[in-house]
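Residue numbers (mature numbering (1 follows the signal peptide of the UniProt record, and there is no 0)): -20 to -1, 1 to 210. All C-beta atoms, glycine included, are put in the ideal place defined by N, C-alpha and C. See below for the structure under consideration.
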């Protein structure tokens, strides 16, 4: 089952006139499943996965596309490619704020989040804002910083993902490789090379509980359906 989590946002130290309202946070979802689905006719070429199982997290939201450093308010805002942003309103106007603290004062240890505005709605962040205790500091960004929708995936700790790879068909022998991965690392002790004798098509083969109907196989690829087993 997919689980939806709200990303915890570090609070900006705001008071007085420095106001902000969060409109849209980033989202992190846990994805567990397999590809392709049952009874779907699929085709792969040699070396491609005919079946994959997966467990990973997928984070979506707005992301910085290129890094930049901007001086503001006696300090510096430094963002990097891939930084996630959440949607907010600052003093009633749209803004995109960093999840991590990217503003550093000249005094050691003083860090804060920063927000940006796309005043022309052209996909470029052309103004940076940092909250002081009583107001927002504003500074133009020229040229603007590219940003837009972004996705970041990561394997779940201790998850086991697996693949069946098509290795070819010749002399009436279908070759398939089974591979397991712990997180994003291959597990050599959990790899296995398989072969099945097939003299005519369609034919059905079974690995563990997975049943696969082989519709055709050859130099042009493998056409098949997953019939069941997971």
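Who does residue -1 pair with in a DSSP beta bridge?
Counted from its first residue, the chain shown places residue -1 at position 20. Paired residue(s): 70.
Output the distance between the C-alpha atoms of residue 105 and residue 2, rounded to the nearest integer angstrom.
Position 125 of the chain shown, counted from the first residue, corresponds to residue 105. Position 22 of the chain shown, counted from the first residue, corresponds to residue 2. About 18 Å.
With a threshold of 16 other CB atoms inside 10 Å of the CB of residue 133, please say whether the residue is buried or exposed.
For the purposes of this step, residue 133 is taken as residue 153 along the chain shown, with counting starting at 1. By the 10 Å Cβ count, residue 133 comes out exposed.
Buried or exposed: which applies to residue 100, given that a residue is buried once 16 or more other Cβ atoms fall within 10 Å of its Cβ?
Here residue 100 refers to the residue found at position 120 of the chain shown. Exposed: under 16 other Cβ atoms inside 10 Å.
Could you work out which residue in 18, 127, 11 is closest to residue 208 when comparing CA atoms only?
Within the chain shown, numbered from 1, the residue matching residue 208 stands at position 228. Measuring from the Cα of residue 208, the nearest candidate turns out to be 18.
Just grab the DSSP bridge partners of residue 120 for me.
Numbered from its first residue, the chain shown carries residue 120 at position 140. Note: residue 120 sits in a beta bridge opposite 107.
Where does residue 63 land, buried or exposed, given buried means 16+ other C-beta within 10 angstroms?
On the chain shown, residue 63 is found 83 positions in, with the first residue counted as 1. So residue 63 counts as buried.
Enumerate in chain order the residues of its own chain whose CB-to-CB distance from residue 184 is below 8 Å, with the five nearest sequence positions on each side excluded.
Numbered from 1 along the chain shown, position 204 holds the residue referred to as residue 184. 191, 192, 193, 194, 207, listed in sequence order.
Since residue 211 and residue 154 should fall inside the 8 Å C-beta cutoff, what is the C-beta to C-beta distance between them, to a whole number of angstroms?
No answer is possible for residue 211: the residues shown for the chain start at -20 and end at 210.
If I measure Cβ to Cβ from residue 98 and keep anything under 8 Å in the same chain, skipping five residues before and after, which residues do I get?
Within the chain shown, residue 98 is the residue found at index 118, counting from 1. Once the five neighbours on either side are set aside, the close Cβ partners of residue 98 are 74, 76, 104, 105, 106, 124, 127.
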